[in-house]
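Colleague: Before we start, here is the structure in question, set down as structure tokens.
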Amino acid sequence: MAPEKDLKAILGKLKYSDDAKVVQQITEQTKQVHARMAGIKYKIAVMSGKGGVGKSMTTVNLALAFARQGGRVGLLDVDLNGPCVPRMLGLHGQSLTMTSAGAIPPVGPLGLKVASMDFFLGDASPVRWKGPMDVSPVWLGLMEMNVIREFLADVIWGELDYLLADLPPGAAADKPPVIAGFIPDLAGAIVVTTPSEVASDVVQKSVTYARDMGIKVLGIVENMSEYRCPSCGEVNELFEGNTEAMCEALDLPLLGRVPFDRKLARTFDKGQPLLDEAYPTIQRYQEIAGRIRTLLDYKKVLADKL
Amino acid sequence: MKFVCLNCETYMNFEKVEKPGEGALGVFFGCPSCNAKFSMVTNPGETQMVSSLGVKLGGRTVAAEPFEMTRGTLKDEALAGAGQMGAYLNEKIQGGQPVASAAAPTAAKPGEKASGGCPFSAMVAEMGLTTGGKPGQTASASSEFTWTADAKEKLDRLPAFVKPMVQSSVEAYARKNGFTSITLQVMDDSKNDSPNGMTWSREAEQRLENIPDFIRPMARKEIERVAKERGLATITAQVMDETKDKFMKFM
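Taken in sequence, the protein lines are chains P and U. No gaps in the numbering here: position 300 of the first sequence is 305 in the working numbering, and each next residue is one more. No gaps in the numbering here: position 182 of the second sequence is 185 in the working numbering, and each next residue is one more.
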């Protein structure tokens, strides 16, 4: 039998070469993401540990609010398995236009550029991948991360003031904070919650995990703060939580409260969003967008007011 | 991944890729010294992993199309490709036996706990955790501090999900400052305590009040960062001036 070789000693003498060109291609992919994102001034992730808190509704309305305030805005629907942004904006059925230079996104109300997995799917079709994904969530995770990488690298966003990324729900060792970490020079994350104690509990976890990953959390938006009866006009609370106390404990600003608004929700459900700036609930989004802009320009505020 | 020719003590060179069968890749390597040839064959799962990276082994001859991987991997039909890995394992490893049988829980050996089929349950039990991930033994509810009645009442008024975090923060502040009793004053003071161990002068605190409340936590962190860079432990009016000067550059 041949004598045992000391692999460590052998490797110590060798110089690694990337002859299969895998490292080179992955480096090029990363460069392409950075190149596409370079024309975007502020990249903001909208996330929540809990599902069903109205994250997409908040993202879409904040994007529209930024656009009303004169911003050039893009909206990336990163919820691959439950994309709903195109339907809310009346863009369902449209698709990305593929060119040799990249994919041109459809343009929605107020000039919003939108990219979503929905543009690849037929009516009622879930996302299904070819291959042996059925036996390994590890492969599925890798696959989805690379699809998101293609959304960042291949869409021609052009020059934008704001790109809002609507992340899927999830709290910790899950995708959202990891996805946010994918976006180069992320300005920060907006976290959406409801006043429900259950939602707040999970949201706290997602904030902690995002911070662990070095993501700056800009603040919290409380959605479904109250409900106005469309018949009698009486306003009632939907939940009995305390988002202010949570914000204080997390040392985060409460950016604003948005009521559950059946009329507004219905217009987005039908893909014919209400855009009237004077409408009270839309006013709330305008105020929140204004606070986010101040937060993003905090260095100027400090120079001015300190 | 690289292969080493142990006889020649050198890396083998990547040569080419072939598709020897459905869902498989044959990746060829050659030793530049002795000319030995070697081929690695991947199973469908490994092939998928390479594909999911969005790379071509050996490099690209033409630039990638937009959304090449997404469009190339989205399934057209519900069942196309399903069970490919299971079929592969069944054929290659299980000798035609249904793969599911390999995953069926085996009877616990003497001295082992029945794990309900979860491969990690024994590890979880060893770590003293329940399957929910919480400590298996209840932590002592008693605190090393004496809470005055009014402080305790204030703490109890907080929502249940916030209470542990606030209690922990106040007690950490009390521990750091050598307090054994927690009063309302200690609770209030702990809110202004900096996690960076910084002390704020009265004047600095007052100037911070000029900043809109929703931006104040961020401002506090930035000011403390400036102090830290200068090796200072106290935020004074001078630190505030220096911070203002620093941010004037962004105007």
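No residue lacks a Cβ here, since even glycine has one placed at the ideal position from N, Cα and C.
Cβ of Tyr290 (chain P) within 7 angstroms of any heavy atom in the ligand PLP?
Modeller: For the structure depicted, the ligand PLP is absent and the ligand set is empty, with no information on it obtainable.
Colleague: I'd like to know if Pro101 (chain U) contacts chain P, where contact means its C-beta is closer than 8 angstroms to some C-beta of that chain.
Modeller: The residue you call residue 101 (chain U) lines up with position 98 of the second sequence. Its pLDDT being 48, under 50, Pro101 (chain U) is placed unreliably by the model, and nothing is read from it.
Colleague: Just how far apart, CA to CA, sit Ala144 (chain U) and Pro167 (chain U)?
Modeller: For the purposes of this step, residue 144 (chain U) is taken as the residue at position 141 of the second sequence. For the purposes of this step, residue 167 (chain U) is taken as the residue at position 164 of the second sequence. In this prediction, Ala144 (chain U) has a pLDDT of 46, which is less than 50 and means its spatial position is unreliable; nothing more can be read from the coordinates.
Colleague: Looking at chain P, is there any beta carbon in it that lies within less than 8 angstroms of the beta carbon of Glu245 (chain U)?
Modeller: For the purposes of this step, residue 245 (chain U) is identified with residue 242 of the second sequence, where counting begins at 1. Answer no: the Cβ-Cβ gap between Glu245 (chain U) and chain P never drops below 8 angstroms.
Colleague: List the residues that DSSP assigns as beta-bridge partners of Met52 (chain P).
Modeller: Along the first sequence, one-based indexing puts residue 52 (chain P) at 47. Per DSSP, P:Val196.
Colleague: Could you check whether Gly48 (chain U) and Trp134 (chain P) sit closer than 8 angstroms to each other, using their CB atoms as the reference points?
Modeller: Stepping through the first sequence from its first residue, residue 134 (chain P) is reached at position 129. Stepping through the second sequence from its first residue, residue 48 (chain U) is reached at position 45. Result no, Cβ atoms of Trp134 (chain P) and Gly48 (chain U) do not sit closer than 8 angstroms.
Colleague: If you follow the alpha helix (DSSP H) that Leu67 (chain P) is part of, which residue opens it and which one closes it?
Modeller: Counting from one through the first sequence, the residue named residue 67 (chain P) turns up at place 62. 60-73 is the extent of the alpha helix (DSSP H) around Leu67 (chain P).
Colleague: Roughly how many whole angstroms lie between the Cα atoms of Thr45 (chain U) and Glu21 (chain U)?
Modeller: On the second sequence, residue 45 (chain U) is found 42 positions in, with the first residue counted as 1. On the second sequence, residue 21 (chain U) is found 18 positions in, with the first residue counted as 1. Looking at the two C-alpha atoms, the distance is approximately 11 angstroms.
Colleague: Could you have a look at Tyr284 (chain P) and say whether DSSP puts it in helix, strand or coil?
Modeller: The residue labelled residue 284 (chain P) in the question sits at position 279 within the first sequence. In this structure, Tyr284 (chain P) counts as coil in the three-state DSSP scheme.
Colleague: Can you tell me which of U:Glu227, U:Asp191, U:Pro69 puts its alpha carbon nearest to the alpha carbon of Thr102 (chain P)?
Modeller: Counting from 1 along the first sequence, the entry for residue 102 (chain P) is found at position 97. Closest by alpha carbon: U:Pro69.
Colleague: So if DSSP puts Tyr167 (chain P) in a beta bridge, which residue, or which two residues, is it bridged to?
Modeller: As a working note, residue 167 (chain P) is residue 162 in the first sequence. Partner(s): P:Tyr47, P:Val78.
Colleague: Any beta carbon from chain P within less than 8 angstroms of Pro220 (chain U)'s own beta carbon?
Modeller: By one-based count along the second sequence, residue 220 (chain U) stands at place 217. Yes, because at least one Cβ of chain P sits closer than 8 angstroms to the Cβ of Pro220 (chain U).
Colleague: Helix, strand or coil for Lys305 (chain P), going by three-state DSSP, please let me know.
Modeller: Here the question's residue 305 (chain P) lines up with position 300 in the first sequence. In this structure, Lys305 (chain P) counts as helix in the three-state DSSP scheme.
Colleague: Just to make sure I have the definition right: I need the residues of chain U whose C-beta is within less than 7 angstroms of the C-beta of Leu147 (chain P). Which are they?
Modeller: Taking the first sequence and counting its residues from 1, one reaches residue 147 (chain P) at position 142. Chain U residues near Leu147 (chain P): Met52, Ser55.
Colleague: Anything in the region 223-244 of chain P with a Cβ closer than 7 angstroms to a Cβ of chain U? List those residues in chain order, please.
Modeller: The residues in question are Gly224.
Colleague: Relative to the alpha-carbon of Arg271 (chain P), which residue among P:Ile297, P:Leu94, P:Leu223 has its alpha-carbon at the smallest distance?
Modeller: Position 266 of the first sequence, counted from the first residue, corresponds to residue 271 (chain P). It is P:Leu94.
Colleague: With H, G and I counted as helix, E and B as strand and the rest as coil, what does DSSP make of Thr45 (chain U)?
Modeller: Residue 45 (chain U) sits at position 42 when you count from the first residue of the second sequence. In the structure shown, Thr45 (chain U) sits in coil (DSSP, three-state: anything other than H, G, I, E or B).
Colleague: What is the C-beta distance between Ala158 (chain P) and Gln34 (chain P), in whole angstroms, given that I count them as a contact (C-beta under 8 angstroms)?
Modeller: Within the first sequence, residue 158 (chain P) is the residue found at index 153, counting from 1. Within the first sequence, residue 34 (chain P) is the residue found at index 29, counting from 1. Yes, they are in contact, since the Cβ atoms of Ala158 (chain P) and Gln34 (chain P) sit about 6 angstroms apart, within 8 angstroms.
Colleague: Expressed to the nearest angstrom, what Euclidean distance is found between the alpha-carbon atoms of Ile287 (chain P) and Met72 (chain U)?
Modeller: One-based indexing of the first sequence puts residue 287 (chain P) at position 282. One-based indexing of the second sequence puts residue 72 (chain U) at position 69. Straight-line Cα distance between these residues: approximately 39 angstroms.
Colleague: From which residue to which residue does the alpha helix (DSSP H) around Ala254 (chain P) run?
Modeller: As a first step, residue 254 (chain P) must be located in the first sequence, where it is residue number 249. Note, Ala254 (chain P): alpha helix (DSSP H), 248-255.
Colleague: With DSSP as the reference, identify every bridge partner of Trp144 (chain P), one or two as the case may be.
Modeller: Sequence index remark: in the first sequence, residue 144 (chain P) carries index 139 (1-based). For Trp144 (chain P), which the question treats as bridged, DSSP gives no partner whatsoever.
Colleague: Determine, using beta carbons only, whether Glu147 (chain U) comes closer than 8 angstroms to chain P.
Modeller: Along the second sequence, read from residue 1 onward, the residue named residue 147 (chain U) stands at position 144. Glu147 (chain U) does not count as touching chain P.
Colleague: Going by beta carbon distance, what residues of the same chain come within less than 6 angstroms of Ala103 (chain U), once the five residues before and after it are set aside?
Modeller: The residue labelled residue 103 (chain U) in the question sits at position 100 within the second sequence. Confidence in Ala103 (chain U) is poor, its pLDDT being 45 and thus under 50, which makes the residue's placement too unreliable to answer from.
Colleague: Would Met251 (chain U) count as contacting chain P if we go by Cβ distances under 8 angstroms?
Modeller: The residue labelled residue 251 (chain U) in the question sits at position 248 within the second sequence. Closer than 8 angstroms: yes.
Colleague: Would a check of beta-carbon distances place Ser53 (chain P) closer than 8 angstroms to chain U?
Modeller: Indexing the first sequence from 1 puts residue 53 (chain P) at position 48. No, Ser53 (chain P) does not count as interfacial toward chain U.
Colleague: Could you list which residues in chain U have their beta carbon closer than 8 angstroms to that of Val27 (chain P), in chain order?
Modeller: If you number the first sequence from 1, residue 27 (chain P) lands on position 22. Simply Leu56, Val58, Leu60.
Colleague: Taking all protein chains shown into account, decide if Arg223 (chain U) is buried (16 or more other Cβ within 10 angstroms of its Cβ) or exposed.
Modeller: Locating residue 223 (chain U) in the second sequence gives position 220, counting from the first residue. Per the 10 Å Cβ criterion, buried.
Colleague: Going by other Cβ atoms of all chains shown within 10 Å of its Cβ, with 16 needed for buried, is Pro372 (chain P) buried or exposed?
Modeller: No statement about residue 372 (chain P) is possible, as the shown extent of chain P runs from 6 to 311 and does not include it.
Colleague: Can you give me, in chain order, the residues of the region 76-91 of chain P that have a beta carbon less than 7 angstroms from any beta carbon in chain U?
Modeller: Here the close residues number zero.
Colleague: Check whether chain P comes within 8 angstroms of Arg2 (chain U), counting only Cβ atoms and requiring the distance to be less than that.
Modeller: Outside the displayed range of chain U (4 to 254) lies residue 2 (chain U), so it cannot be described from this structure.
Colleague: Does the CB of Met201 (chain U) have a neighbour CB from chain P at under 8 angstroms?
Modeller: By 1-based counting over the second sequence, the position of residue 201 (chain U) is 198. Taking Cβ atoms only, chain P never reaches closer than 8 angstroms to Met201 (chain U), which makes this a no.
Colleague: Considering Cα atoms alone, identify which of U:Lys179, U:Ser36, U:Gly29 is closest to Cys311 (chain U).
Modeller: There is no way to answer for residue 311 (chain U), as the model of chain U reaches only from 4 to 254.
Colleague: Between which two residues does the beta strand (DSSP E) containing Phe17 (chain U) stretch?
Modeller: Here residue 17 (chain U) is taken as the residue at index 14 of the second sequence, counted from 1. Segment 16-21, the beta strand (DSSP E) holding Phe17 (chain U).
Colleague: Measuring CB to CB, does Phe267 (chain P) end up less than 8 angstroms from Pro235 (chain P)?
Modeller: The sequence position of residue 267 (chain P) within the first sequence is 262, counting from 1. The sequence position of residue 235 (chain P) within the first sequence is 230, counting from 1. Residue identity differs from the one stated: residue 267 (chain P) is Arg in this sequence, not Phe. In contact: Arg267 (chain P) and Pro235 (chain P) (Cβ atoms closer than 8 angstroms).
Colleague: On the premise that Val208 (chain P) lies in contact with Ser100 (chain P), defined as a C-beta separation below 8 angstroms, what is that separation, rounded to the nearest angstrom?
Modeller: Against the first sequence, residue 100 (chain P) aligns to sequence position 95. Against the first sequence, residue 208 (chain P) aligns to sequence position 203. Not quite, the Cβ-Cβ distance comes to about 34 angstroms (not below 8 angstroms), so this is no contact.
Colleague: Pair every Cβ in the region 153-173 of chain P with every Cβ in the region 218-227 of chain P, then say whether three or more of these pairs are closer than 8 angstroms.
Modeller: No: fewer than three Cβ pairs fall under 8 angstroms.
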